[in-house]
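Have a look at the structure below before the remarks.
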Amino acid sequence: MNTHPLVAGIVKNRYLAYIYGPPGSGKTRLGVHFFKVASSLDMKPMFIASEAGSIIVAESLGGEVRIAKAMDELPKYACEALVKGMYVVVDTVNSFYRGDPDLYSRSFLASTLALIRLTGGLALGQASELSGQITSPGLKLIKRYAKVVGYTTKIGEGKFKLVITKPKERIVLFKVEGDNIRWL
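In terms of my numbering, the sequence shown opens at residue 20 and continues consecutively.
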């Protein structure tokens, strides 16, 4: 499968990567791409969807797909993937964390991330842009678990920017073409 070396390294090394961005910034398409890369490497990926848009996409993927309808289902499915040795893609890991996070929601987010870190995978997160800064609910907690952290933004029609901020800054551009991603 044709992919960017950065993505290939993240998947092959089974790093926990957290990529966040506002709605329409290409996150779910990146998740599908990571899923396909893991599949091409025979890593038996599992796609966990927790929001309407990602559920529709997930159902068209084939393979191992889980729909998390409640907060406690995220760590449950991540645990299932760990037991089966699967690579995990979660879209959207912080969907149940938004609003006024409490100890209960923080503990489920932390346990889900700890499990994904053990098996390797990609956690996608919803974010918003405030005063020109992109922020994500739970980012402070998530950074403790993730080896790779980045965010996406839309830069044009079908064109997006992926900025990796951890472990070191890298900027990668990509274009969505149908069901595929072309790295620019």
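Glycine included, C-beta positions come from ideal geometry on N, C-alpha and C.
Tell me whether residue i is buried or exposed, calling it buried when 16 or more other Cβ atoms sit within 10 Å of its Cβ.
| i | result |
| --- | --- |
| Tyr205 | What the structure shows of the chain is the stretch from 20 to 203, and residue 205 is not part of that stretch, so it cannot be assessed. |
| Ala157 | Residue 157 is actually Gly in this sequence, not Ala. Buried, since its Cβ has 16 or more Cβ neighbours within 10 Å. |
| Leu203 | exposed |
| Arg189 | exposed |
| Glu83 | buried |
| Ile161 | buried |
| Leu143 | buried |
| Thr154 | exposed |
In the DSSP output, which residue or residues are listed as bridge partners for residue i?
| i | result |
| --- | --- |
| Glu196 | Asn199 |
| Ser147 | Thr154 |
| Asp110 | Ala68 and Leu143 |
| Arg189 | Ile183 |
In whole angstroms, give me the CA-to-CA distance for residue i and residue j.
| i | j | result |
| --- | --- | --- |
| Phe53 | Leu141 | 7 angstroms |
| Phe193 | Ser114 | 25 angstroms |
| Ile200 | Ile183 | 17 angstroms |
| Val191 | Lys178 | 11 angstroms |
| Leu80 | Gly151 | 34 angstroms |
| Thr131 | Cys98 | 8 angstroms |
| Val30 | Gly139 | 8 angstroms |
| Ser126 | Val108 | 19 angstroms |
Subject >> Cβ contact check for the stretch 32-41 and the stretch 170-189: 3 or more pairs under 8 angstroms >> reply: yes
Subject >> Cβ contact (3+ pairs, closer than 8 angstroms) linking the stretch 89-99 and the stretch 46-60 >> reply: no
**OP:** Return the chain-ordered ranges of every beta strand (DSSP E) run that is complete within the stretch 35-80 and spans a minimum of 3 residues.
**Re:** 35-40 and 65-68
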